[in-house]
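According to my numbering, the stretch in the sequence shown is residues 4 to 217, in order. Glycine included, C-beta positions come from ideal geometry on N, C-alpha and C. Here the structure is a predicted model, which means the values were calculated and not measured.
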Amino acid sequence: MVIFVRIKKFMDMCSNKSNNNGYEKFEVFDKNITEELSHHYRGILNLVGEDISREGLARTPERVAKSLQFLLQGYQTDPVEILKSAMFREDYRQMVIVKDIEIYSLCEHHLLPFFGKAHVAYIPNGIVTGLSKIARVVDVFARRLQLQERLTLQIKECIHDTLKPLGVAVVIEAQHLCMQMRGIQKQHSITTTSDFTGAFQKEATRDEFIRLIR
Ligand SMILES: [Zn+2]
Numbered sequence: 004m005v006i007f008v009r010i011k012k013f014m015d016m017c018s019n020k021s022n023n024n025g026y027e028k029f030e031v032f033d034k035n036i037t038e039e040l041s042h043h044y045r046g047i048l049n050l051v052g053e054d055i056s057r058e059g060l061a062r063t064p065e066r067v068a069k070s071l072q073f074l075l076q077g078y079q080t081d082p083v084e085i086l087k088s089a090m091f092r093e094d095y096r097q098m099v100i101v102k103d104i105e106i107y108s109l110c111e112h113h114l115l116p117f118f119g120k121a122h123v124a125y126i127p128n129g130i131v132t133g134l135s136k137i138a139r140v141v142d143v144f145a146r147r148l149q150l151q152e153r154l155t156l157q158i159k160e161c162i163h164d165t166l167k168p169l170g171v172a173v174v175i176e177a178q179h180l181c182m183q184m185r186g187i188q189k190q191h192s193i194t195t196t197s198d199f200t201g202a203f204q205k206e207a208t209r210d211e212f213i214r215l216i217r
């Protein structure tokens with residue numbers, strides 16, 4: 004038996020809500036950081052030849068400053084705590100798949116977005132976690148300056164080290180704006196990365212996972 008979850012829109016983190024789980028990030032911006040970032044963005048706009056006194060740009064530095072803090076909020080959250088907040092003893096030892104988790108991240112080389120989908124599976128070894136927690140772990144790592152390769156590895160290691168399952172599989176498919184808007188301008192290329200531990204290193208198990216996420 005396979006538990007199969009498709010998460011269409013994982014946008015919980017965009018809400019203003021907070022709760023007492025101890026890890027939930029809410030949309031409060033640090034006033035000093037916002038002011039400092041705004042100051043730098045005004046300088047950047049000036050340097051690229053903009054007239055920062057024109058009306059349309061009046062609040063742009065502040066908006067970008069807040070936007071950047073939102074996009075990089077993953078630094079404020081410990082993904083291990085997310086998993087630990089919902090760990091349950093359960094004798095289920097079959098594949099659990101969470102597929103089509105939307106990811107939005109920023110490449111650390113160009114500070115341009117890369118975005119796409121992550122598919123994550125694990126085979127519990129006596130401990131399961133809440134399905135939404137897997138998607139949250141993906142989100143926390145994605146909301147940092149990243150490389151797709153490292154993002155894949157970090158998600159795998161976090162689940163592996165925390166739940167100690169029989170195996171973890173992570174596949175990420177993403178488009179990189181640093182390839183599409185600049186550089187070689189390949190508009191439709193998709194980069195796929197994958198990482199597997201334990202039982203997923205066996206061909207039959209890995210093939211089953213790949214078949215189920217297609
Ligand atoms: Zn890049």
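Inset, instruction - Could you work out which residue in 182, 201, 186 is closest to residue 222 when comparing CA atoms only? - result: The displayed coordinates of the chain run from 4 to 217. Any statement about residue 222 would go beyond what the structure contains.
Legend entry - Coarse secondary structure for residue 141, derived from DSSP in three states: helix
Legend entry - C-beta contact flag for residue 109 and residue 156 at 9 Å: no
Legend entry - For ligand 1, residues whose Cβ lies under 7 Å from any non-hydrogen atom: 110, 112, 113, 115, 179, 181
Inset, instruction - May I have the straight-line CA-CA distance separating residue 102 from residue 120, to the nearest angstrom? - result: 8 Å
Legend entry - Contact belief for residue 99 with residue 140 at Cβ below 8 Å, rounded distance in angstroms: Their Cβ separation, rounded to whole angstroms, is 13 Å, which puts residue 99 and residue 140 out of contact at 8 Å.
Inset, instruction - Tell me whether residue 47 is buried or exposed, calling it buried when 16 or more other Cβ atoms sit within 10 Å of its Cβ. - result: exposed
Legend entry - Minimum length 4: unbroken alpha helix (DSSP H) runs contained in the stretch 22-101: 34-50, 63-74, 82-87
Legend entry - Proximity of residue 165 and residue 87 at Cβ, strictly below 9 Å: yes
Legend entry - Host beta strand (DSSP E) of residue 179 (start-end): 170-179
Inset, instruction - Out of 107, 169, 92, 50, state which residue places its alpha-carbon closest to the alpha-carbon of residue 209. - result: 169
Legend entry - Euclidean distance between Cα positions of residue 127 and residue 162: 10 Å
Inset, instruction - Give the DSSP-derived three-state secondary structure of residue 105 in the structure shown. - result: strand
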